[in-house]
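Residue numbers (the working numbering): 28 to 420.
The block underneath contains the structure these notes are about, expressed in structure tokens.
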Amino acid sequence: MTIVLRAARLFDGAAGSLTPDPVVIVDGGRITAAGPGVPVPAGAAVVDLGDATILPGLVDTHVHLAFDTSTDPVGALAGRDEAAALAAMTAAARHATRGGVTTVRDLGDRGYLALALRDAVAGDPTLPTIVAAGPPITTPGGHCHFLGGATAAGAAGVRAGVRERAERGADIVKIMASGGNLTPGTLPERSQFGVAELRAAVDEAHRLGLPVTAHAHGTQAIADALAAGVDGLEHVSFTTADSVEPVPDAVLAAIVARRVALGITIGVRPVPGFTPPPAVLSRLPLLHAGSRRMHEAGAVITAGTDAGIAPIKPPDVVRWAVAQLAGIGMTPVDALRAVTSVAAAVCGLGDRKGRVAPGFDADLLVVAGDPLRDPAALHDIRAVYVRGVPVSH
């Protein structure tokens with residue numbers, strides 16, 4: 028059935044302003060026309076959304092559906108068998124769609140469960156589109172080793188890890204270039220792989236047609252991942268043992284020149300009584316300053332929220348990231364693009380996600396108010412459509 032949506036405003040994912048009085052026509056899960064004055068096909072079902080704004084469904088480039096937003100997501104996952112873990116991931120994915128997040132890139136699961144969930148999407152309109160990495164490649168005992176992605180030492184081991192992911196059907200390869208905060212015994216500022224191993228991962232992945240994104244906090248890990256030719260960087264925090272370093276000029280120049288996609292860890296839902304550790308809070312101004320410098324230099328930046336890792340990171344937390352992107356100098360339009368069309372392109376889906384335009388999937392978020400004037404409007408959800416099907420919220 029052809030569906031026609033009317034509303035007061037439209038953000039199409041690319042334009043610099045809202046379109047007044049749009050008509051969006053959906054047929055077979057795709058958008059066939061969008062804009063003002065579009066004629067309504069005979070016999071179509073017309074939905075008048077009133078004083079609302081239609082936007083593309085939001086896209087989060089860095090989530091962990093296997094983590095449950097508890098205070099101990101690692102322990103909670105460890106206590107679940109495969110069936111229970113998949114059920115919890117399914118619930119998290121549905122939470123995302125109810126919150127207007129219609130595409131997610133899962134950058135770390137256990138046992139390739141995100142791939143199984145990805146493959147269930149076509150038969151379940153309550154689930155978002157999922158781009159899945161499987162367990163991230165890491166060192167024995169390294170960051171997130173408990174997800175099962177540890178490889179043998181050296182370039183040969185890393186290449187074997189990449190081949191396994193390709194054989195299992197992963198959409199992207201994620202490699203832990205540095206340690207991280209969720210894994211005792213690892214440190215974010217310390218590198219886990221050298222440039223030769225990272226280059227082996229990139230060469231093998233590209234040979235197999237897969238992009239590579241690197242978890243990288245410390246400056247050396249970031250520089251090595253860039254030298255290895257990665258397509259994306261996650262976090263990009265320039266963390267030291269006790270602070271945050273300024274972004275080095277040479278590193279910034281390489282990021283911008285190569286158009287490496289940066290998934291900065293931004294997006295926090297306020298939770299009464301829950302605050303980040305003092306060490307994290309003290310670094311936030313420096314982290315934001317670094318992100319601002321990269322944005323102002325023209326880097327490709329999305330909100331890679333790390334959804335799932337804490338109570339302040341629910342599956343739909345990217346809605347809160349939009350307002351917080353202003354803190355790194357993004358305009359309201361920049362911020363909305365960063366979680367729609369730019370994020371979709373980073374996920375390899377720029378030809379069918381992140382836009383309200385003919386030929387694109389009918390993944391739509393409808394909110395009251397004007398999100399360019401007030402990003403809090405994104406939390407006043409009136410409707411969500413996933414591939415043309417309305418989702419309860």
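Glycine is no exception: its CB is placed at the ideal position from the N, C-alpha and C atoms.
Only a predicted model underlies this, so the values are computations on that prediction, with no experimental measurement involved.
Near residue i, what residues of its chain come up, given a Cβ to Cβ distance below 7 Å and the 5 sequence neighbours on each side ignored?
i	result
His122	Pro341, Pro342, Asp343
His406	Arg346
Arg409	Leu76, Ala79, Val393, Val394, Ala395
Just to check my reading of the structure: residue i and residue j have Cβ atoms closer than 8 Å, yes? What is that Cβ distance to the nearest angstrom?
i	j	result
Leu140	Ala111	The Cβ separation is near 11 Å, so there is no contact.
Ile282	Ala348	Contact flag wrong, Cβ pair sits at about 20 Å.
Leu82	Thr367	7 Å
Glu216	Thr266	5 Å
Gly207	His170	4 Å
Thr156	Leu85	Actually they do not touch by this definition, with Cβ atoms about 12 Å apart.
Thr329	Ala365	5 Å
Could you name the residues of the same chain whose beta carbon sits closer than 8 Å to that of residue i, not counting the 5 residues immediately before and after it, in chain order?
i	result
Gly55	Gly415
Met116	Leu92, Ala93, Asp136, Leu140, Ala141, Leu144
Leu237	Val189, Arg192, Ala193, Ala197, Asp198, Ile199, Val200
Val327	Arg286, Val287, Ala288, Leu289, Val369, Val373
Val274	Phe265, Gly317, Arg320, Met321
Residue i by DSSP, collapsed to three states: which one?
i	result
Ala182	helix
Pro417	strand
Val369	helix
Ile355	helix
Ala330	strand
Val229	helix
Val101	helix
Ile249	helix
Val86	strand
Asp361	helix
Leu308	helix
Gly317	helix
Leu376	coil
Report the rounded CA-to-CA distance for residue i versus residue j, giving the unit in angstroms.
i	j	result
Asp397	Ala404	6 Å
Gly196	Gly64	43 Å
Val222	Ala252	7 Å
Ile202	Pro47	44 Å
Gly259	Leu32	36 Å
Ala280	Gly184	31 Å
Leu45	Gly386	20 Å
Ala306	Thr29	53 Å
Arg285	Ala372	15 Å
Asp390	Arg234	32 Å
Gln247	Val383	40 Å
Gly356	Ala362	9 Å
Pro66	Arg132	36 Å
Ile336	His315	20 Å
His262	Ala72	44 Å
Arg226	Gly181	11 Å
His244	Ala254	15 Å
Pro167	Thr210	12 Å
Val411	Arg400	21 Å
Arg36	Ala179	54 Å
Ordered along the chain, which non-local residues of its own chain (more than five positions away) have a Cβ less than 6 Å from that of residue i?
i	result
Ala119	Leu92, Pro342
Asp198	Val158, Ala159
Ser97	Ala103
Pro162	Leu174, Gly175, Gly176
Gln351	Ile293
Looking at the C-beta of residue i, does it have a partner C-beta in chain D at a distance below 8 Å?
i	result
Arg190	Annotation note: the requested chain D is absent from the structure, which comprises a single protein chain.
Every unbroken beta strand (DSSP E) within the stretch 261-292, with a cutoff of 3 residues, ordered by chain: 288-291
Every unbroken beta strand (DSSP E) inside the stretch 150-204 [3 residues or more]: 156-159, 200-203
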